[in-house]
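Inspection log for the structure reproduced underneath, given as structure tokens.
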Amino acid sequence: MPKRILSLFRNLFRKRAVEQALDDELRSSVEFLTQEKMKHGLSQAVARREALIELGGIEQVKEEVRAVRAGRFLEDFARDGRFAFRTLAKSPGFTTVAVLTLALGIGANTAIFSVMDAVVLRPLPYKDPASLIMVKESIPLAGPEPIPVCAPDVIQFQRQNQVFEAVAAFRGGQFDLAGVDEPERITADRVNANLFSLLDMQPMLGRTFTTEEDQPGHSLAILNYALWQRRFGGDPGVIGRTLTLDRQPYTVIGIMPRNFVFPLEGMEQGHTADVFAPMGFTPEELADVGDNFNYSVLARLKPGVTLGRANADISAIAYRILQTYPPQFRDRIKLGAVALPLNTKVVGKVKTLLLLLLGAVGFVLLIACANVASLLLTRAAHRQREIAVRLALGAGRLRVLRQLAAENLLLALAGAGLGLLLAFAILRGMVGWMPANIPRVNAIGINSTVLAFTLVLVLLTGLVFGVEPALASWRTDLQSTLKEGGRSAQQGLRHRRLRSALVVGEVALSLVLLVGAGLLLRSFERVLATEAGFQPDHVLTASLSLPETQYKQPQQIRAFYRELMARLEQLPGVMTVGASTDLPLQAGWNHIFSPEGGQPPPGAGLNLCWHSVILGDYLQTMRVPLLRGRYFNQQDTPTSTPVLIVSESLAKRYWPNQDPIGKRLKWGPPESNDPWLTIVGVVGDVKQGPLDAPTVQHTYEPYAQDIVPASALNVAMRAAGDPASLAASLRVAVWGLDRQLAVAQVRTMDEVISESVAPRRFNLYLLAAFAALAAVLAAIGIYGVISYSVAQRTHEIGIRVALGARRGDLLRQVVGQGLLLMAAGVVIGVLGALALTRFLANLLYEIKPIDPATFIAVSLLLATVALLASYIPARRATKVDPMVALRYE
Amino acid sequence: MGEKRTDLLRGTLDLLVLKALSLEPLHGVGISRRITQITKGAFQVSFGSLFPSLHRMEERGWVEAEWRSSENNRRAKYYRLTSSGCTQLKVEERDWDRVVKIMAAAVQST
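Protein chains in written order, with numbering that gives the first Met the number 0: chain A, 0 to 888; chain B, 0 to 109.
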């Protein structure tokens with residue numbers, strides 16, 4: 000056997016020498032035979048001829064020897080490949096279109112599938128994710144959504160449970176990281192020491208903290224890989240060094256590996272943590288019973304424990320905790336607990352979008368395959384004659400089949416190669432561009448399963464439609480095929496029907512996609528057109544957070560902001576300056592209040608509103624219109640009457656036909672002892688939440704009257720010119736007061752709006768891209784079919800022109816053919832869209848899934864496209880010179 | 000011969016070639032003549048079958064070839080049986096015996 004392999008290599012790599020040796024051998028054999036025959040008396044010429052006959056012909060014998068040579072299979076394969084390449088190169092138009100179509104289908108499909116795989120399908124990046132759950136508490140009166148856990152309850156869950164292997168709490172916050180270069184705002188999570196073992200993630204360098212260190216006073220920090228690379232240049236020497244978080248020194252003890260991502264979006268509001276510190280519950284925190292529900296809890300189920308049993312267990316614990324509350328609290332709070340599997344929490348929101356994309360990609364792939372199939376069928380028809388000739392000349396049927404298969408294989412590989420490059424490019428572009436709410440964006444990479452699947456699909460299409468003509472020719476009578484000039488009428492008809500069917504399908508699919516994109520587009524427009532309630536142009540914002548350790552006294556906090564406002568107002572180019580605890584379009588939460596003497600809305604339980612504390616000329620900076628009364632001013636001091644500004648919707652709801660100025664309300668339920676606040680102004684409604692969420696009732700309070708002044712404020716400045724130009728001066732002003740304070744989230748309000756609609760815009764662009772691609776491919780499909788039909792009927796057209804048919808009639812007839820195909824496709828597509836768009840419903844805003852305007856517009860668009868695609872080849876038909884056409888076969 | 004080549008025929012050809020070479024090295028034509036000789040003129044091996052067979056056996060290492068000058072002072076490619084070729088000859092002879100016995104028994108029975 001090894002000798003055989005040696006021969007194989009020799010045959011492949013020293014082919015010329017091998018062939019030469021064979022040639023020499025055969026020639027010398029002929030010499031011998033000639034000599035032999037000459038001995039029998041024949042002349043040299045005759046002897047030589049006889050010798051050649053006896054040998055059987057030098058070339059023939061060579062062929063026989065080659066046929067049994069080791070490596071024959073590979074050689075044939077290579078030869079088929081080279082031949083296929085040459086054949087394809089001879090028809091560059093077809094090859095280019097086919098390869099590009101394939102590349103588009105494969106590339107787009109692979110890219111999106113890879114996203115789906117990383118985000119939806121692949122399990123979460125922790126050990127055994129199916130057994131991970133989030134433990135949450137619930138207070139029915141405060142809302143239907145479960146809430147995080149309070150500190151003392153964490154301990155109770157940890158101690159009393161019987162269903163969990165491990166329970167770990169975590170809580171994130173924004174901290175100012177200082178020490179190196181500019182101070183930066185980062186996310187840091189306090190976590191229980193057992194979190195890392197719960198997730199089964201070990202640090203890449205250094206260590207994590209022990210249970211003994213999970214106590215107050217241990218200022219240890221573990222860095223996340225990204226932060227380590229970005230801020231510390233990946234220097235392993237950072238272990239043991241100190242970094243400053245909110246002015247407190249922390250010792251770095253470990254670095255987490257690159258693939259460690261915690262917490263995930265959906266587990267907790269906010270971003271993944273850059274730094275991990277020990278939870279270290281303080282005694283004050285542990286005494287905070289029934290309040291400050293701020294801690295997230297992750298737990299791992301014991302093997303064999305069901306979700307139902309876990310729920311029962313923790314509900315029982317919650318009940319026991321409830322019994323320890325004072326009786327009057329018990330009725331209000333009604334504490335409960337619920338266990339939520341991690342998987343559903345993280346992925347839920349994004350599922351619709353990704354399924355939508357999956358559908359879109361699937362459609363595009365189908366259309367691409369249909370186009371390729373169509374191309375192959377056309378080509379097959381052209382080549383019928385060539386194949387018939389080859390078969391007649393004695394080529395083995397298997398051989399011909401193999402050659403056709405090699406061509407298709409080559410096409411598929413070229414398309415796949417290009418498609419792969421395209422997929423890389425798409426992913427690279429997408430990742431930089433995706434909104435932050437798509438989980439685990441970092442984990443997205445090309446998925447080999449998907450690639451393989453797509454490749455198989457394409458290969459199948461190629462083989463079936465490409466080899467079909469060869470198979471068909473097995474059955475046809477060679478003679479008649481050659482005589483008819485290579486066109487079998489019956490097969491031609493079948494092909495034409497098939498191609499028409501393919502095109503109709505393509506049109507239908509692209510219509511569905513275009514309708515989807517159209518609906519998203521209209522929703523997007525509606526969102527952008529929504530009255531935001533303020534004027535975002537020319538406004539710069541930034542977020543500041545004074546650390547508690549440095550600013551212990553309220554007067555320190557007030558002094559800082561007062562001084563900052565004064566300095567900012569002096570800056571050149573600044574018109575007005577203000578600050579607020581909340582900017583528009585961000586999150587907020589409900590406060591309970593009780594109006595005095597006003598009309599409580601019918602059937603309502605609690606009166607709820609959102610609330611902000613504002614400083615300086617915040618409302619004026621945002622140009623929130625003043626409808627009644629006044630803005631806050633110098634008169635509102637800590638000692639003057641506590642005042643309030645309310646939003647229009649709140650005023651209308653509680654004091655419908657009265658002047659709300661002078662009316663009062665207070666925080667808490669009617670029996671609370673909070674001071675009454677007097678309304679001094681009514682302003683227009685502002686979208687404090689996302690643009691596509693309902694407007695929320697809102698109240699504003701002057702900073703001066705806030706008992707505990709907020710240490711974190713958003714500064715807003717209205718500029719005379721370009722707001723971005725104020726950024727540098729803002730930083731200078733802040734650092735002039737406190738060099739270690741991070742100036743975070745410096746953005747113009749326009750950018751804030753843009754960011755808030757970024758997810759929606761992303762969905763739109765993506766679907767629109769697919770829809771456009773589908774439409775283009777479908778147009779190419781129509782063009783191809785009509786074009787071919789015209790070419791086939793050139794002969795017939797020539798006769799008709801010669802017999803006096805008008806060009807206009809011809810044009811109309813050909814275009815009519817195209818429109819018929821399109822009409823069929825549109826009808827089917829509309830039916831499909833009617834059925835499918837309901838799945839888009841939760842991505843739409845103010846637009847119904849069956850929006851007539853969109854359907855009509857898209858149908859018209861496709862009709863125009865089809866018209867154009869038919870018109871161009873139709874014109875060619877009219878230009879046919881009858882003399883040429885009559886001679887054309 | 001066409002594309003088809005029966006295995007039985009190829010098998011017997013290999014045996015004859017090995018047998019022919021068992022006495023002394025020969026070149027292609029010479030092997031053909033020797034086979035005609037040892038079969039007492041019954042088999043005329045066509046070169047279209049002989050050369051593929053020879054080359055296949057050479058690839059397998061049963062025969063070795065070298066270029067030598069022949070009796071006419073002409074250069075020719077001479078084939079020689081290798082040790083594994085000798086072994087193969089014995090194997091083929093044994094197999095052939097077995098086949099002959101089986102076929103004889105099968106044909107004789109009614």
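Just so you know, even glycine gets a beta-carbon here, dropped at the ideal spot from N, CA and C.
Amino acids of chain A, ordered along the chain, whose beta-carbon sits closer than 8 Å to that of residue i
i	result
B/GLY84	Neighbours of B/GLY84 on chain A: none; closest Cβ ~11 Å, over 8 Å.
Candidates the options, of which the one nearest residue i by Cα
i	options	result
A/ASP30	B/THR35, B/ARG55, B/ASP13, B/ASN72	The amino acid at residue 30 of chain A is misidentified as Asp; the sequence shows Glu. Ranking B/THR35, B/ARG55, B/ASP13, B/ASN72 by Cα distance to A/GLU30 puts B/ASN72 first.
A/ALA743	A/MET574, A/VAL733, A/GLN159	A/VAL733
A/ALA541	A/LEU352, A/THR580, A/PRO147	A/THR580
A/ASP635	A/VAL645, A/VAL679, A/PHE592	A/VAL679
A/PRO872	A/GLY783, A/GLY824, A/VAL296	A/GLY783
A/GLN252	A/ASP234, A/VAL274, A/ARG230, A/THR207	Before going on, a small fix: residue 252 of chain A reads as Ile here, not Gln. The residue with the shortest Cα to Cα distance from A/ILE252 is A/THR207.
A/LYS891	A/MET821, A/PRO583, A/ALA405	The structure shown does not extend to residue 891 of chain A, since chain A is modelled only from 0 to 888, so the question has no answer here.
A/PHE275	A/ARG561, A/ARG26, A/GLN173, A/TRP588	A/GLN173
A/PHE362	A/LEU861, A/ASP673, A/ARG874, A/LEU772	A/LEU772
A/VAL526	A/ALA372, A/GLU754, A/ASP75, A/VAL399	A/GLU754
A/LEU131	A/LYS847, A/LEU300, A/ALA516, A/GLY239	A/LEU300
A/ALA150	A/ASP234, A/PRO124, A/TYR294	A/TYR294
A/LEU222	A/MET716, A/ASP273, A/LEU197	A/ASP273
A/GLU136	A/PHE292, A/LYS878, A/GLY587, A/ALA692	A/PHE292
A/ALA774	A/SER869, A/VAL511, A/ALA741	A/VAL511
A/ASP684	A/VAL360, A/GLY532, A/PHE259, A/ASP234	A/GLY532
A/PHE261	A/SER671, A/LEU341, A/LEU99, A/LEU244	A/LEU341
A/LEU843	A/VAL463, A/ARG799, A/LEU450, A/ASN762	A/ASN762
A/ILE779	A/ALA856, A/ILE366, A/ALA852	A/ILE366
A/THR250	A/ARG240, A/PHE259, A/ASN258	A/ARG240
A/PHE523	A/GLY577, A/LEU204, A/LEU690	A/LEU690
Residues bridged to residue i (per DSSP)
i	result
A/MET429	BP columns for A/MET429 are empty, so no partner.
A/PHE174	A/ILE185
A/VAL612	A/GLU700
A/GLY942	Because chain A spans 0 through 888 in this model, residue 942 of chain A falls outside it and cannot be assessed.
A/TRP889	Residue 889 of chain A is absent from the structure shown; chain A starts at 0 and stops at 888.
A/ALA778	Its beta-bridge partners do not exist; DSSP assigns none.
B/TRP66	B/LYS76
A/TYR249	A/LEU242
A/GLY680	A/GLY628, A/ILE644
A/SER544	A/ALA711
A/ALA578	A/LEU614, A/VAL714
A/PHE275	A/ASP188, A/ILE221
A/GLY205	A/GLY253
A/LYS135	A/VAL337
A/ALA741	Partner(s): none; A/ALA741 has no beta bridge.
Chain A residues whose Cβ lies nearer than 9 Å to that of residue i
i	result
B/ALA75	GLU24, SER27, SER28, GLU30, PHE31
Proximal chain B residues relative to residue i, where beta-carbon distance stays under 7 Å
i	result
A/LEU392	Within 7 Å Cβ-Cβ: nothing; A/LEU392 doesn't reach chain B, min ~15 Å.
A/SER6	GLU58
A/VAL64	PHE50, PRO51, HIS54
A/ARG889	Given a span of 0 to 888 for chain A in the structure shown, any question on residue 889 of chain A remains unanswerable.
Contact set between residue i and chain B, taken where Cβ atoms lie within less than 8 Å
i	result
A/ALA69	GLU58
- Taking a cut of 7 Å between CB atoms, which residues from the segment 47 to 70 of chain B lie near chain A? Cβ contacts with chain A come from GLY47, PHE50, PRO51, HIS54, ARG55, GLU58, ARG59, GLY60.
- Query: Relative to chain A, which residues along the segment 21 to 49 of chain B have a C-beta separation below 7 Å, given in chain order?
  - Reply: Sequence-ordered contacts of the segment 21 to 49 of chain B with chain A read GLY27, VAL28, SER45, PHE46, GLY47 [C-beta pairs closer than 7 Å].
- Task: Within the segment 310 to 372 of chain A, note down every full beta strand (DSSP E) run reaching 3 residues or more, in order along the chain.
- Result: Counting whole runs of 3 or more residues, the segment 310 to 372 of chain A contains the beta strand (DSSP E) stretches 335 to 340.
- Message: Give me the subset of the segment 402 to 415 of chain A whose CB atoms are less than 9 Å from a CB atom of chain B, sorted by chain position.
- Response: Identification of residues in the segment 402 to 415 of chain A having a C-beta nearer than 9 Å to some C-beta of chain B yields an empty set.
- Message: What are the residues in the segment 32 to 60 of chain A lying within 9 Å of chain B by C-beta distance?
- Response: For the segment 32 to 60 of chain A, which is checked against every Cβ of chain B, the residues closer than 9 Å are LEU32, GLN34, GLU35, GLU53, LEU54, GLY55, GLY56, GLN59, VAL60.
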